[in-house]
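Here's the structure, in structure tokens; my notes come after.
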Amino acid sequence: MGDPTCGVTHDDVRAAIHWALDHDVVVLAQHRLVAHTVASEDERREADADLVARWRLATGLCTRR
303 MGDPTCGVTH DDVRAAIHWA LDHDVVVLAQ HRLVAHTVAS EDERREADAD LVARWRLATG
363 LCTRR
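Structure (structure tokens):
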């Protein structure tokens, strides 16, 4: 689901986590499960990208395709 044309920064992930706290706790829980239990860095980055993509879609940020 992540949008590779936008890139994902640490600040993006942080903002997406803060957004999810108020707007989509289920998505936040899914992200945290991967971020804190999966040993693979690639899987963690994919989870970050998915969370950021949901945040961007919900807030209208970086919608280019």
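Each residue of the sequence shown is one higher than the one before, counting from 303 in this note's numbering. Virtual Cβ for every residue (Gly too), placed ideally from N, Cα, C. Please read these numbers as outputs of a predicted model, since none were measured by experiment.
If you look at T361, you'll find it in the alpha helix (DSSP H) that goes E343 to T361. Straight through space, the alpha carbons of A341 and V315 are spaced by roughly 18 angstroms. Counting along the chain, no alpha helix (DSSP H) covers D326, and no H or E run does either. Remark: C-beta atoms of R356 and A322 approach each other more closely than 9 angstroms. V310 sits close to A351, with the two beta carbons spaced by under 9 angstroms.
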